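Participant:
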RNA sequence: CGGGGUGUGGCGCAGUCUGGUAGCGCGCCUGCUUUGGGAGCAGGAUGCCGGGAGUUCGAAUCUCUUCACCCCGACCA
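Numbering (our numbering), first residue to last: 2 to 501.
(1) Between the C-alpha atoms of residue 437 and residue 393, what's the straight-line distance to the nearest angstrom?
(2) For residue 486, which beta-bridge partners are listed by DSSP?
(3) Give me, in chain order, the residues of the same chain whose beta-carbon lies closer than 8 Å to that of residue 91; leave out the 5 immediate sequence neighbours on both sides.
(4) Taking the alpha-carbon positions, what's the residue 225 to residue 490 distance?
(5) For a test of the three-state rule: what should DSSP assign to residue 121, helix, strand or coil?
(6) Whole-angstrom Cβ separation of residue 262 and residue 207, contact assumed at under 8 Å?
(7) Which class does residue 403 belong to by DSSP, given the choice of helix, strand or coil?
(8) So, are the CB atoms of residue 176 and residue 110 less than 8 Å apart?
(9) Measuring CB atoms only, is the stretch 373–385 touching the stretch 302–319, in the sense that at least three cross pairs come out at less than 8 Å?
(10) Skipping 5 residues on each side, what residues in its chain have a beta carbon closer than 6 Å to that of residue 357?
(11) Would the stretch 186–202 count as touching the stretch 213–225 if we require 3 or more Cβ pairs under 8 Å?
(12) Measuring straight from C-alpha to C-alpha, what distance separates residue 440 and residue 47?
(13) What separation, rounded to the nearest whole angstrom, lies between the Cα atoms of residue 509 and residue 180?
(14) Per DSSP, residue 93 forms a beta bridge with which residues?
(15) Within 7 Å: the Cβ of residue 156 and any heavy atom of the ligand NAP?
(16) What residue does the alpha helix (DSSP H) around residue 39 start on, and which one ends it?
(17) Using the C-alpha atoms, what's the distance from residue 401 back to residue 11?
(18) In chain order, what residues of the same chain have a beta carbon less than 7 Å from the beta carbon of residue 44, not counting five sequence neighbours either side?
(19) Starting from the Cα of residue 63, find the closest Cα among 327, 189 and 97 and give me that residue.
(20) Quick one: is residue 186 buried, meaning 16 or more other Cβ sit within 10 Å of its Cβ, or exposed?
(21) Would you say residue 496 and residue 229 are within 8 Å of each other, going by their C-beta atoms?
(22) Starting from residue 510, trace the beta strand (DSSP E) both ways and give me its first and last residue.
(23) In chain order, what residues of the same chain lie with their CB nearer than 8 Å to the CB of residue 347, ignoring the 5 residues before and after it?
(24) In angstroms, rounded to a whole number, what distance separates the CA positions of residue 37 and residue 30?
(25) CA-CA distance, residue 1 and residue 451?
(26) Apart from the five residues just before and just after residue 462, which ones in its own chain have a Cβ nearer than 8 Å to its Cβ?
(27) Cutting at 7 Å between CB atoms, please list the residues of its own chain near residue 290, excluding the five before and the five after it.
(28) How far does the beta strand (DSSP E) with residue 229 in it reach, from first residue to last?
(29) With distances taken from CA atoms, which of 33, 28, 32 and 42 is nearest residue 1?
(30) Would you mind sorting residue 383 into buried or exposed? The rule is 16 or more other CB atoms within 10 Å of its CB.
(31) Go ahead and pull the three-state DSSP assignment for residue 317.
(32) Can you tell me the Cα-Cα spacing of residue 318 and residue 148, whole angstroms?
(33) Give, in chain order, every unbroken run of the alpha helix (DSSP H) that is at least 4 residues long and sits entirely within the stretch 169–227.
(34) So residue 457 is in the beta strand (DSSP E); what residue range does that whole segment cover?
(35) Go ahead and label residue 82 buried or exposed: buried means 16 or more other beta carbons lie within 10 angstroms of its beta carbon, across all protein chains shown.
(36) Here's the rule: buried if 16 or more other CB atoms are within 10 angstroms of the residue's CB, otherwise exposed. What is residue 121?
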C-alpha cells in the first residue's frame, strides 16, 4: 500500500467514527496554518520563544535534529575540499562599510556594539553602558567582509588558490517579524567562502555548492527543491549571481532554503583579495559564498508534518525507533523491560538510533508523545509480544494502517529497510505535492486569475520574459508575490508566488 | 517600521462595557481503580490579573504610559 492510499483509508475510517477526527495538533493545518506550525513545534518539544526578543531556545529534541543535520551536511562540505575555520562574531564597522551594496542590504538589520563596560546607574539603580568604543562593531549578519579581510592576508599567489573555507556559526539579523526556525533574530548556519583565480571557476563553484544543497535536501531532509537563479531584485547584496533552492510548503508558500552566491570580484575589490598570477601579474580573486541555515528545520516541519504533529525523516531523526513497553501487570515489568533492552541492543548494533521509554508515564501518553515528536518507527512490546517472541511496529508517516506484528528476528532483519523506505516515501509524497502546487500559465492575466481565486494554493510558472511586463509589478503588489527563481530545470521559466 | 489584535496559575480561556474577597477547562501533585490510539473517581497545590504612573475609600476592570507576543503589510536565510 502506498502512503497516499493508506492515508486515504485512514481518513475514511476516521470519517465513519466521527465527523471531525481527533488530531494531536490543534488547530489543524486547514484551520490555521501558522498556528498549527507553532503548535507542532511546542508539541514536539523542539523549541520555544525566549525572553530575548526575536530569539528562540532550541530544546534538546530540536537541537538533536540540528546535530544530525550538521553532521550530514558537514561531511558533504568536506568532500568538496572545504576546510572548517572560525571567524569573529564582531565585525569592525569600517570593514562592513567597504562594500556599498552589501551595506544597503544589511544596514537596516544590524545589531551594533558600542560599549565595552557596564557601570552602576544612579538614576534607576541598575546598570548602564560605559566605556564607549572608539570604533563601533556590528554583530555579523554574514561574514563576507571579515573573512575577506583574512583572505587578503592569506592569498598572495596563484598557488594559494583555490581557497575554500567554511564556518559553522550563529549570525544576527534584527528581524521585525520573527518566527521560530523560519526567521529569528539570531540563527545558526554554515557559511562557506571560496576564492578562485578565474571567473569561470567561481561561477562553477557557486553552482556546484547549490547542487550539494539540493542533494542534501533531497536525500537527508526528504525535501524536493526547485533550484534556480534569483532575479536581480532578489539577489544577495553584493553578488553577481545568486543561486537558490526553494521549497514549496504545504500551504503553497515558497521558502528560500539555501543560497549560493557568485560574488564576482566585488568583495575581493573591497577587501583587496589579490594574488600574483603565473605570468607575474597582480590580479583580484573571484569569490563565492554559500549558506544553509537552521531555517531548514522549519522547512522540514512545514513540508512533512501533519495534524498529529511532526514527522522527522529517518536520516535526521534523534530517535529512529522508539520502544514502548506495554505493562499491564507489575509482575511482568522486569521481563518485558529486559525483552525491550535486548531489542534495543540489537538495534544499536545495527547503528540504529533507538530510544527505550521505561518511564512511569502512561502508555497512551508515551504513544502520543512519540507521534507528536515524529519518531519514524514506534515499537510496542507487551506481554503478548514477549511470549510469542514478537514485536509490534508502526510507521509514523502511514499511521495505524502500517501496524505490523512480527518476530524480533524478522524485524531486526528489515528495520534498516523500513527506515530507508520511509525516507524515500516521505520524499515521494513531498515531491508529488510540490509538483501539484506548480501551475503553468501563459500570460499575466492567467497568473492574476490564479492568485485571485482564494481556493488556489501554490506557485505559478511562466515565461521569464513576462517579468519585464509592467503588469508584473502590479501583480506582485496586489497579491504580495515575488519571483522565486529562474528555474534551472525549466529553461526560460520563472517561478512566482508567495513566500516566507 | 505601518495597520489590527492579545497579555489573568505550567497551557488554553472567562471575568473588563457597568470598579466591590480571582474563576473555569486542561495539565501538575496524592491515593485507589485503570493501561494495546489521548482513562475514571476522590482529594490537593499553584496568581503582585505583562510593567510603571495616575483616578478612587477600593482597580484585572477606568485614564495615561511603557514592554512583550500574535496576525496582515514592508524587509529578509
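Beta carbons: idealized from backbone N, C-alpha and C, even for Gly.
Keep in mind that this is a model prediction, so the values were computed, not measured.
Facilitator: Well, looking at it:
(1) 35 Å
(2) 496
(3) 114, 138, 139, 140 and 141
(4) 13 Å
(5) strand
(6) 6 Å
(7) helix
(8) yes
(9) yes
(10) 324, 341 and 345
(11) no
(12) 34 Å
(13) Examination of residue 509 is not possible in this model, given that the chain is present from 2 through 501 alone.
(14) 138
(15) Although the ligand NAP was asked about, the structure shown includes no ligands whatsoever.
(16) 34–44
(17) Residue placement at residue 11 is flagged as unreliable, the pLDDT there being 36, under the threshold of 50; the coordinate-derived value follows with that caveat. Cα to Cα, the separation comes out at about 8 Å.
(18) 25, 26, 310 and 373
(19) 189
(20) buried
(21) yes
(22) No answer is possible for residue 510: the residues shown for the chain start at 2 and end at 501.
(23) 409 and 413
(24) 6 Å
(25) The structure shown does not extend to residue 1, since the chain is modelled only from 2 through 501, so no value can be given for it.
(26) 439, 440, 441, 442, 488, 491, 494, 495, 496 and 497
(27) 145, 192, 193, 194, 262 and 264
(28) 227–230
(29) The requested residue 1 does not occur in the structure, where the chain is confined to residues 2 to 501.
(30) buried
(31) helix
(32) 33 Å
(33) 200–220
(34) Residue 457 -> no beta strand (DSSP E), and no H or E assigned at all.
(35) exposed
(36) exposed
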